[in-house]
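Peer 1: Residue numbers (this note's numbering): 174 to 606.
Could you have a look at this structure, given as structure tokens, before my questions?
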């Protein structure tokens with residue numbers, strides 16, 4: 174007679190615990206509001222062509238899109254509007270350009286909005302600075318699909334903002350390093366620098382002092398019973414002065430001087446270089462999309478004192494130098510192209526000392542499903558190599574690579590993709606699998 178009451182008591186306890194767990198558990202967040210029946214959301218694809226120093230792209234921008242039922246995050250293949258994000262660092266601010274490119278009847282094909290983000294601010298501050306610019310840029314495209322969703326108001330401007338006191342002077346100190354350790358192999362590398370600069374809209378002046386060092390230890394080689402050490406240690410210290418002045422929106426002049434010292438296994442015991450020159454840039458300075466297309470010519474004098482006597486039987490040399498360089502990076506929505514060309518050398522004996530280098534790259538979105546990127550860097554050089562190398566010194570031999578006449582590097586990447594169109598994200602286990 175006692176079993177049924179005990180069973181009922183046990184079942185009642187289980188039900189009570191289940192009920193308590195249900196009411197004590199936080200209710201799941203409600204699903205985001207859906208679009209009105211029959212109203213298609215504006216499909217937006219976000220392309221980060223520059224990252225800057227904040228989480229604006231893609232995190233903040235995706236958050237704006239996903240929060241509003243009028244929008245749907247979309248791949249390029251299905252997008253009504255593609256938002257290209259570019260950034261130019263200026264002191265503690267990221268100068269951002271939002272470029273909206275769309276193909277909607279009743280909306281402009283391109284809208285560009287610029288905004289400054291405080292890189293020292295917290296997330297809420299940066300989102301508060303970015304969101305009004307995003308809304309201004311996307312409003313005309315929303316109005317093309319949903320005219321009733323956009324309201325325009327005109328308000329009297331607030332009281333004028335008093336510009337705070339600012340200074341063109343900046344100071345920087347940097348200290349860093351890295352290392353590794355195992356029982357048989359150890360290495361440590363470090364660097365440091367001090368710098369002071371003055372920058373305004375028409376000129377810049379900078380002075381810096383820097384140094385670096387490195388140590389490595391690994392088991393020696395045994396060749397014919399003789400031990401060959403593979404340990405290395407190196408250091409260098411240098412200083413650099415640079416001054417530049419704009420002549421107009423496209424022309425500028427500059428002067429630079431540098432002094433450098435290396436440890437006994439390096440190329441230079443001491444080298445000094447002073448140059449002056451002129452540059453022309455097709456784009457104004459600090460173009461919001463990061464575009465540059467510049468040609469520069471510099472000429473000056475170089476003085477060298479070598480650690481090891483070179484092939485010309487020199488421990489000391491001085492000579493006039495000059496160089497012509499052309500470089501640029503141009504971005505326009507689906508394509509980014511960059512190229513750097515440089516020809517530098519000794520004025521009187523160019524065949525004796527010269528460097529010729531070319532470094533092109535391209536990033537191209539081909540249609541809606543193909544991304545292409547490739548880069549190449551080729552350098553041809555001539556300079557008197559070391560003549561008195563210690564063949565038993567692993568460090569001297571490896572560090573003589575500066576005299577190699579030709580070097581090349583290249584990369585290629587081709588990506589095909591058919592992206593999901595539901596506009597959803599899921600970052601769970603993103604670091605664990």
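The C-beta atom is built at its ideal place from N, Cα and C for all residues, glycine as well.
Checking the sheet assignment: what are the DSSP bridge partners for residue 224?
Peer 2: Per DSSP, none; premise fails for residue 224.
Peer 1: Per DSSP, what are the beta-bridge partners of residue 300 in this structure?
Peer 2: Its beta-bridge partners do not exist; DSSP assigns none.
Peer 1: Identify the residues that DSSP records as bridge partners of residue 558: which are they?
Peer 2: Its beta-bridge partners do not exist; DSSP assigns none.
Peer 1: How big is the Cα-Cα spacing for residue 327 and residue 288?
Peer 2: About 20 Å.
Peer 1: From the DSSP output, in three-state form, read off residue 594 for me.
Peer 2: The answer is coil: DSSP assigns residue 594 none of H, G, I, E or B.
Peer 1: Hey, out of 252, 526, 497, whose CA is closest to residue 518's CA?
Peer 2: Closest by alpha carbon: 526.
Peer 1: Starting from residue 319, follow the alpha helix (DSSP H) in both directions and report where the run begins and ends.
Peer 2: Unbroken run through residue 319: none, as it is neither H nor E.
Peer 1: Expressed to the nearest angstrom, what Euclidean distance is found between the alpha-carbon atoms of residue 249 and residue 427?
Peer 2: Each residue's alpha carbon lies about 43 Å from the other.
Peer 1: Would residue 261 be called buried (16 or more neighbouring beta carbons within 10 Å of its own) or exposed?
Peer 2: It is buried - the Cβ of residue 261 has at least 16 other Cβ atoms within 10 Å.
Peer 1: Just curious, the alpha helix (DSSP H) that residue 417 is in, first and last residue?
Peer 2: No alpha helix (DSSP H) contains residue 417, which is instead part of the beta strand (DSSP E) from 405 to 419.
Peer 1: Among 242, 219, 243, which residue has its Cα nearest to the Cα of residue 233?
Peer 2: Of the listed residues, the one whose Cα sits closest to residue 233 is 219.
Peer 1: Leaving aside the five residues before and after residue 274 along the sequence, list all residues of the same chain whose C-beta is less than 6 Å from its C-beta, in chain order.
Peer 2: Excluding residues within five positions, the ones whose Cβ falls inside 6 Å are 255, 283, 506.
Peer 1: With DSSP as the reference, identify every bridge partner of residue 286, one or two as the case may be.
Peer 2: In the DSSP output, where bridge partners are listed per residue, residue 286 has 271.
Peer 1: Can you tell me whether residue 222 is buried or exposed? The criterion is at least 16 other CB atoms within 10 Å of its CB, across all chains shown.
Peer 2: Classification of residue 222: buried, given that the 10 Å Cβ count is 16 or more.
Peer 1: State whether the stretch 342 to 352 contacts the stretch 318 to 327, with contact taken as three or more CB pairs (one from each stretch) at a distance under 8 Å.
Peer 2: No contact exists between the stretch 342 to 352 and the stretch 318 to 327.
Peer 1: Could you pull out every residue in the same chain whose Cβ sits closer than 8 Å to the Cβ of residue 435, ignoring the five residues on either side in sequence?
Peer 2: Within the same chain, residue 435 has close Cβ partners 407, 408, 409, 441, 442, 480.
Peer 1: Let me make sure I understand the geometry here. Which of 539, 465, 452 has the alpha-carbon closest to that of residue 512?
Peer 2: That would be 465, whose Cα lies nearest to the Cα of residue 512.
Peer 1: Measuring alpha carbon to alpha carbon, tell me which of 536, 365, 514, 486 ends up nearest residue 528.
Peer 2: Nearest C-alpha to residue 528: 514.
Peer 1: Looking only at C-alpha atoms, which of 546, 415, 375 sits nearest to residue 457?
Peer 2: Taking only the C-alpha atoms, the option nearest residue 457 is 375.
Peer 1: In the DSSP assignment, find the beta strand (DSSP E) that holds residue 369 and state where it starts and stops.
Peer 2: Taken as a continuous stretch (DSSP letters only), the beta strand (DSSP E) holding residue 369 covers 359 to 372.
Peer 1: Is the CB-CB distance between residue 359 and residue 417 below 7 Å?
Peer 2: No.
Peer 1: Are residue 431 and residue 454 closer than 7 Å when you measure CB to CB?
Peer 2: Cβ atoms of residue 431 and residue 454: not closer than 7 Å.
Peer 1: With H, G and I counted as helix, E and B as strand and the rest as coil, what does DSSP make of residue 485?
Peer 2: It is coil, neither helix nor strand.
Peer 1: Please go through the same chain and pick out, in chain order, the residues whose beta-carbon is closer than 7 Å to the beta-carbon of residue 247, but skip the five residues on each side of it.
Peer 2: These residues qualify, in order along the chain: 216, 217, 218, 594, 596.
Peer 1: Should residue 537 go down as buried or exposed, given a rule of 16 or more other Cβ atoms within 10 Å for buried?
Peer 2: The residue is exposed, with fewer than 16 neighbouring Cβ atoms inside 10 Å.
Peer 1: For residue 518, which residues does DSSP report across the bridge?
Peer 2: Partner(s): 495, 527.
Peer 1: Using DSSP's beta-bridge definition, name the partner residues of residue 502.
Peer 2: According to DSSP, residue 502 bridges with 465, 511.
Peer 1: Cβ atoms of residue 531 and residue 516: under 7 Å apart, would you say?
Peer 2: Contact: no.
Peer 1: Determine whether the beta carbon atoms of residue 452 and residue 472 lie at a separation below 7 Å.
Peer 2: No. Outside cutoff.
Peer 1: Please go through the same chain and pick out, in chain order, the residues whose beta-carbon is closer than 6 Å to the beta-carbon of residue 555, but skip the five residues on each side of it.
Peer 2: Excluding sequence neighbours, residue 555 sits near 527.
Peer 1: Under the three-state reduction of DSSP, which class applies to residue 442: helix, strand or coil?
Peer 2: Reduced to three states, the DSSP call for residue 442 is strand.
Peer 1: Output the distance between the C-alpha atoms of residue 243 and residue 345, rounded to the nearest integer angstrom.
Peer 2: Roughly 45 Å between the two C-alpha positions.
Peer 1: Tell me where the alpha helix (DSSP H) around residue 585 begins and ends.
Peer 2: Element bounds for residue 585: not the alpha helix (DSSP H) but the beta strand (DSSP E), 579 to 589.
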